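Novice:
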């Protein structure tokens, strides 16, 4: 009887550690966002879990959109798009897009007419990194592709490779880029579901994007995704 109780105590301890992410193989999915001390933090509207379009309708309707009206995105739309790309959907920190080892190397930014926001999945928040319109600089960095200049919002997906390299070594590059593709597709499909459109862009000068957004040196840009209301 004593032996059985001892085994049950050991099992309970192991399960407790696993649930809190303290054992190898049970990642918490939590990555701290580094912001400047002067950065302003803002809460985002809660994401919706039901929409007006089915997944199949969204897939059928998705097309690359490069021309937009002048209508701005509202905060609820920006919030929903950020959540679709990297939102937390499980108590232990799991997100909308799969991540090798649940290490979550991606950081998502969005440039609008008046600010640059850095998404914080924990708590579904955004850090205001700049109160300037940086889309023109992104347009120049992106080989003067007009979709970047004309869209009311440009989402920028960056990667911190070191987060994945610590577990997967040289294969991290493959895994991180796969993950960026997952997040980008989530973002683009969510745009369609909201009646918006967008286009994934990979043709840009990495160093110019980093400079335009004053990104940390280890945040390597992988995607520019202009999103807005499609022009008929």
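Numbering (my numbering), first residue to last: 15 to 246. C-beta: ideal position from N, C-alpha, C; glycine also. As the structure is a prediction and not an experimental result, all values here were calculated from the model.
With distances taken Cα to Cα, identify the nearest neighbour of residue 239 among 67, 81, 64 and 174.
Specialist: 81
Novice: Find the nearest neighbour of residue 67 within the set 213, 209, 233 and 146, judged by alpha-carbon distance.
Specialist: 209
Novice: Expressed to the nearest angstrom, what Euclidean distance is found between the alpha-carbon atoms of residue 154 and residue 143?
Specialist: 20 Å
Novice: For the segment 130–175, which segments carrying the alpha helix (DSSP H) assignment without a break, of at least 4 residues, lie completely within its bounds, in sequence order?
Specialist: The qualifying runs are 149–155 and 160–164.
Novice: Name the two residues that bound the continuous alpha helix (DSSP H) containing residue 12.
Specialist: The structure shown has nothing for residue 12, since the chain only spans 15 to 246.
Novice: Drop a sphere of 10 angstroms on the beta-carbon of residue 241, count the other beta-carbons inside from all chains shown, and report buried for 16 or more, exposed for fewer.
Specialist: buried
Novice: Short check: CB of residue 57 to CB of residue 151, under 8 Å?
Specialist: Contact: no.
Novice: Are there 16 or more other CB atoms within 10 angstroms of the CB of residue 185, so buried, or fewer, so exposed?
Specialist: exposed
Novice: When you compare only the Cα positions, how much space is there between residue 42 and residue 246?
Specialist: Confidence at residue 42 is low in this model, with a pLDDT of 48, below 50, so its placement is unreliable and no value can be given for it.
Novice: For residue 100, would you say it is in contact with chain D, using Cβ-to-Cβ distances shorter than 8 Å as the test?
Specialist: Judged by its chain identifiers, the structure shown contains no chain D, having just a single protein chain.
Novice: Suppose the cutoff is 8 Å on Cβ atoms and the five residues either side in sequence are ignored; what does the same chain contact list for residue 215 look like?
Specialist: Here the set comprises 156, 159, 161, 162, 237, 238, 239 and 240.
Novice: In three-state DSSP terms, what is residue 228?
Specialist: coil
Novice: What does the alpha-carbon distance come out to for the pair residue 123 and residue 132?
Specialist: 4 Å
Novice: Within the same chain, show all residues whose beta-carbon is closer than 7 Å to that of residue 243, passing over the 5 residues directly before and after it, in chain order.
Specialist: 82, 83, 85 and 210
Novice: Please list the terminal residues of the continuous beta strand (DSSP E) segment that includes residue 98.
Specialist: That residue, residue 98, is in no beta strand (DSSP E); its alpha helix (DSSP H) goes 89–100.
Novice: Any idea what DSSP makes of residue 40, helix, strand or coil?
Specialist: Any reading at residue 40 must be qualified, since the residue scores a pLDDT of 38, below 50, and its modelled position is unreliable; the value itself is stated next. Coil, per DSSP.
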